[in-house]
Amino acid sequence: MTGSVAASRAPSAAVMTTLQAVGVQRAAWLLLAFPLAGAVILLFGGKRTNGWGHLLGVAMPVAAFGYGVVAFAAMLGYPASQRGRDLTMFRWIDVGQFHVNLGLQLDPLSISFVLLVTGVGSLIHIFAVGYMADDPERRRFFGYMNLFLAAMLLLVLADNYLALYAGWEGVGLASYLLIGFWQYKPAAATAAKKAFIANRVGDAGLSLAIMLMFATFGTVSFTGVFHAAHTASQPEVTALGLLLLLGACGKSAQLPLQSWLLDAMEGPTPVSALIHAATMVTAGVYLIVRSSPIFNLSTDARLAVTIVGAATLLFGAIIGCAKDDIKKALAGSTMSQIGYMMLAAGLGPAGYVFAIAHLLAHGFFKAGLFLGAGSVKHEMNDEVDMRRFGGLRKIMPVTFVTFLFGYLAIIGVPPFSGFFTKDGIIEVAFDKGGTSGFILGCAALLGAGITAFYMTRVMFMTFAGQRRWEDDAHPHEAPAVMTVPMVLLAVGSLGAGAFLILGSRFGDFLAPVTGTAPPSKGLFTVPGLAALVLVVIGVGIAWAMYGRREIPVTAPAGGFVTVAARKDLYGDAINESVLMRPGQWLTRLSVYADNRGVDGIVNTLAATMGGTSGRLRRMQTGFVRSYALSMFVGAVLLVGALLLVKL
Amino acid sequence: MSTFPWLTVAGVIPLAGAVVIAAVPSAGAAGDAAQRGRDKLVKRVALVVSLITLAVTIAMALRFSPGGPDFQFTQTDQWIPQFGVHYAVGVDGIALVLILMTTVLMPVVVLASWNDAEGGSGPAGEKPPRRSVKTYFALLLVLETMMIGVFAATDVFLFYVFFEAMLVPMYFMIGSYGVGQRQYAAVKFLLYSLLGGLLMLVAVIALYVYSARGGHQGTFLFSQLTHLSLSPVTQRWLFLGFFVAFAIKAPLWPFHTWLPDAATAAQPGAAVLLVGVLDKVGTFGLIRYCLELFPSASHYFTPLIIALAVIGILYGAIVAIGQRDLKRLIAYTSVSHMGLITLGIFAMTSEGQTGATLYMVNHGFATGALFLLAGFMITRRRSQLIADYGGVQKVAPVLAGLFLIAGLAGLALPGLSTFVSEFLVLVGTFTRYEVPAILATVGIILAAIYILWMYQRTMTGPVRDKIVGMPDLNARELWAVGPLIALIIVLGVYPQPVLNIINPAVHQTLVQVHATDPVPPHPATALHQNGGAR
């Protein structure tokens, strides 16, 4: 297939065509094979791999990262129009008109994720060697982590929606296994199940989207769907967009499927860093940007995406303000930051680049923040209550400095990465124009201020002030195996934003997939300056509340908003009253009806046919006889009927 | 085409094995030790015989040519010439994969049931009745013959005979060897099945009568009955005769209530055959007999059956969530899954019917594995109540891990075999009936709830008192369930060899019912169809 054929058919030049993978890119299956092999060996190898399991577990992502860099270099060698490359591994399902290959697509978008997932993934695996050193099940942990990487890489590399779905549910499984890693803790087991089920609701949306694609276009491959998308009717593309959005909401913990992410913090901290901050939870953003040819055709679907994003960015930020558990504060923040990415993705071609750029930058700084939190937790006897921290700045200087870098990045202080990527999103939101653009822009601005507040609060409560921990904790700096990954992520937090955004480097790189974005208006725009002002205000309020005063060890009662935010803004309460309670009712009613109603009628019937129910007890011999009798009656009937027919 | 009677041989081997086992004399006065020796011999014979049968059917499957004639390995002999009854056997792709599933499950069940006849998995304190080991294994092998026969028969009368005869061994396996309310469950199973069987019998005879019209020699041969021209009204009545029998067998809502009782009372191995194979006879009957013999009636009843199937999917899942008994829970999940299979069949699309057929196979393996693993657990703890478990993962990680894989197959996780079939059913339904497909998709959320909640309650949390010291799977149990787990994974990643066998048979069925796949309104160009570059 040549590019010109497709280009002449499709009016939208933004739809990318792919060529066969050649040369070194033909080995792209290695990206899946490395971590998958790690998972299989570690999980099925059992105890005999305990001794060296963690080493294999680290080697596999590092190898995948190595190959990812090679494939990336090869891609840079091609002209921009030829950077989409496809590798068919084998024919997966072939029935009627339903043909699906297990194929991989290397293009600027997928390679960005490959580098993020394997790069940050490798660092977190290395960190986990130290973090999980005392856990007797460390080998199993690395098996699950490798399984996650394999599924995540399938998710971002698949060249069709069904294979993407396989990766999509695969990461859900890995997330389930890792949230519930300490499954002897009931809270962990419950949180794991909750995450999987909330995700399944989203997955149902994604799977319906795939069915609708097949029913409409007769294919589920990216190229097929994207090139035919413009021929579909407006209701069809809008329905597709909304179903994809439902899928994205589940995976990325966006309203209304957000409630699982806070509970997911029951998992070991490296899991929170890798899966529930840097990579898996951002898959929803990937899905929407990947499906840009569909979203480009439906303003309604895009509007829905921006509304979800804007609402969640405020929702998560407010929760982040009230949590005393450092991991939950960061989880609220993750929800909020992904809200920014969703908002950007919903803004169309102008926003796609910033969505992905912020996603990559967030991958560095949020992973760094979580590893910092893990490092603190590790030294504090697994304490996560920030009211029990304080004054750790001097005791854990490396953790402090790396955490500080992540902090500056997330609140968007120049020249740290968030300044470039998040302010870009605020700017694009205002550029949308009209009332909706103004509302979305203001929400994003307000979010920036709240972000500055809650992150400053975390900084003060953890690293500043007096020590408030119990006497049996003896914190000191983490070992090098943990601090080196933190330092590298801090470097990323500093440089990633400027590297990607300045000179529209990343925008040009992604252009074959997302279309050409309009040029940025410059570094310091009016919305950008307004954001900086709000950040200063947020930091100032946090300093007044937590920096200036001593922090009480027990939380004060708090006002209405604080109490609501501590309870995750009643997300669980709503789920419970709207879904769980009626569901339990329905279940009980059905079980009762099944036993009494349907079965009751049948039992009466059976009793009439086979004698009274009391006789059933004496059936030891009776039931043999009844069978023989029935057979006999049947045979007589049969022979009689046959004779009748013959005569 | 070779003239070697593959199907007859495959069917006779287990029967011969059963005769050999029956001929092993009891030790009688020679004492318990001698009896145990004899029992061991019986079990080994049963295992070897089931493995030989498996080998024969695999050899047969390798000779099957998917592009070849519709029915292969055919054999037609006069049986009762006066009434046009033939011993006629043959398989299309659908029957072949179901026979293979049966012969794969058989050695697994024999191995898993090793100790079931001597007491098995009954609740603590229940006094096991006097049970003969050799009868149990002879019944198992007889049942295998019947199951092969029912899938292989191409004469409707012969099919009916196997369909009814199949009840006998299963009836005794539940009634004499089961646990709990086994006799109640066995009688209920029997009465239900007989009721359906009688209705089918009437329809079978009527078919013969119609085939004899106009002075022809009447026949029961499937190949000739498909050419019968019946008035629409007649078709509908006869359709119903077959349909009710199959709907009870499958079972379809609201004919399902015998299944949870029977599956709960049966030993785990027998439950695997009951849910894994016997239920499939119902759905196999729908696709082979209801659709192909009565095309216009099939279309007429499609809306009703799709409604029953969708209700069954949701109802089975909801009731499964509320169960407190492990085996009962798994039985209700099967009610839900059988609804999906029926939905796929009556969607009348290639994807739906191929998916449904593949689902029959995958469900046999996945639910089989789940039943066996639950059984291994029940044998250890001597309780079927979910509330009696907790923290099993800590003491028996291998058992818990395999249980999780089997459970994930139950919720159709991609990468496992059931996903392929479930998605094909859903997508095949969606192209024709959007709303039923959407409702059925809600079932995948419910599936996550009943599987993961069951896993949470049994495997996670603190280790319960009576779970402490529970041994992990032993070698025999691993050998029994390992192949099923392997098949679940392999067929999830690479299902195409099985799909290649099923596709032509489904195509033939669709031609026979005059159904064509819906055409997408905005098709992508052929260049872009297959994912990426050519």
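Taken in sequence, the protein lines are chains C and H.
Each residue of the first sequence is one higher than the one before, starting from 100 at the first, in the working numbering.
Each residue of the second sequence is one higher than the one before, starting from 21 at the first, in the working numbering.
For each residue, glycine too, the CB sits at the ideal point set by N, CA and C.
{"Query": "Within-8 angstroms CB hit, residue 296(H) to chain C", "Result": "no"}
{"Query": "Inter-residue Cα distance where the pair is residue 43(H) and residue 257(C)", "Result": "59 angstroms"}
{"Query": "Listed by chain order, chain H residues near residue 268(C) by CB distance under 7 angstroms", "Result": "433 and 434"}
{"Query": "Those residues which DSSP pairs with residue 189(C) across a bridge", "Result": "201(C)"}
{"Query": "Whether residue 518(H) touches residue 507(H) by CB criterion (8 angstroms)", "Result": "no"}
{"Query": "Cβ-Cβ distance between residue 242(H) and residue 170(H) below 8 angstroms", "Result": "no"}
{"Query": "Within-8 angstroms CB hit, residue 685(C) to chain H", "Result": "yes"}
{"Query": "Residues near residue 276(C) in its chain [Cβ-Cβ closer than 8 angstroms; skip 5 each side]", "Result": "243, 246 and 291"}
{"Query": "Residue 77(H) and residue 119(H) closer than 8 angstroms at C-beta", "Result": "yes"}
{"Query": "Whole-angstrom distance between residue 525(C) and residue 540(C), CA atom to CA atom", "Result": "6 angstroms"}
{"Query": "Residue 713(C) - DSSP class collapsed to helix/strand/coil", "Result": "Here residue 713(C) scores only 45 on pLDDT, less than 50, and its place in the model is too uncertain to base an answer on."}
{"Query": "Nonlocal neighbours in the same chain, by C-beta distance under 8 angstroms from residue 503(H), ignoring five residues either side", "Result": "124 and 128"}
{"Query": "Counted within 10 angstroms of its Cβ, other Cβ atoms place residue 235(C) as buried (16 or more) or exposed", "Result": "exposed"}
{"Query": "Cβ-based burial, residue 279(C) [other Cβ within 10 Å; buried from 16]", "Result": "buried"}
{"Query": "Contact set between residue 295(C) and chain H, taken where Cβ atoms lie within less than 8 angstroms", "Result": "468 and 472"}
{"Query": "Contacts that residue 310(C) makes with chain H (C-beta to C-beta distance below 7 angstroms)", "Result": "446, 447, 450 and 457"}
{"Query": "Interface residues of chain C facing residue 462(H) [CB-CB closer than 9 angstroms]", "Result": "303"}
{"Query": "Outcome for residue 553(H) when other beta-carbon atoms lying within 10 angstroms are tallied against a minimum of 16", "Result": "Legend: pLDDT at residue 553(H) = 36, less than 50; position of this residue unreliable, value from coordinates given subsequently. Answer is buried; the Cβ neighbour count reaches 16."}
{"Query": "Proximal chain C residues relative to residue 374(H), where beta-carbon distance stays under 8 angstroms", "Result": "194 and 195"}
{"Query": "Residue 109(H): first and last residue of the uninterrupted beta strand (DSSP E) it sits in", "Result": "105–111"}
{"Query": "In DSSP terms, what residue 747(C) is bridged to", "Result": "As shown, chain C starts at 100 and ends at 746. That puts residue 747(C) outside it, with no answer to give."}
{"Query": "Under the three-state DSSP convention, the category residue 320(C) falls into", "Result": "strand"}
{"Query": "Contact belief for residue 365(H) with residue 307(H) at Cβ below 8 angstroms, rounded distance in angstroms", "Result": "5 angstroms"}
{"Query": "Cβ of residue 313(C) within 8 angstroms of any chain H Cβ", "Result": "yes"}
{"Query": "Integer Cβ distance of residue 447(H) from residue 197(C), believed to fall under 8 angstroms", "Result": "7 angstroms"}
{"Query": "Start-end ranges of the alpha helix (DSSP H) lying completely within the stretch 173–198 of chain H, minimum 4 residues", "Result": "176–185 and 187–197"}
{"Query": "Residue range of the beta strand (DSSP E) that includes residue 92(H)", "Result": "92–100"}
{"Query": "Residues from the stretch 351–384 of chain H in contact with chain C, defined by Cβ distance under 8 angstroms", "Result": "369, 370, 371, 374 and 375"}
{"Query": "Spatial neighbours of residue 646(C) in its chain, beta-carbon cut-off 7 angstroms, leaving aside the 5 residues before and after", "Result": "559 and 563"}
{"Query": "Touch test, the stretch 35–42 of chain H against the stretch 150–165 of chain H, Cβ-Cβ under 8 angstroms, three pairs minimum", "Result": "yes"}
{"Query": "Contact set between residue 481(H) and chain C, taken where Cβ atoms lie within less than 9 angstroms", "Result": "282, 283, 284, 285 and 288"}
{"Query": "Residue 668(C) vs residue 313(C) beta-carbon contact at 8 angstroms", "Result": "no"}
{"Query": "Residue 511(C): first and last residue of the uninterrupted alpha helix (DSSP H) it sits in", "Result": "Unbroken run through residue 511(C): none, as it is neither H nor E."}
{"Query": "CA-to-CA distance, residue 217(C) to residue 156(C), given in whole angstroms", "Result": "12 angstroms"}
{"Query": "Range of the contiguous alpha helix (DSSP H) that encloses residue 86(H)", "Result": "That residue, residue 86(H), is in no alpha helix (DSSP H); it is neither H nor E in DSSP."}
{"Query": "Proximity below 8 angstroms, CB of residue 134(C) to CB of residue 221(C)", "Result": "no"}
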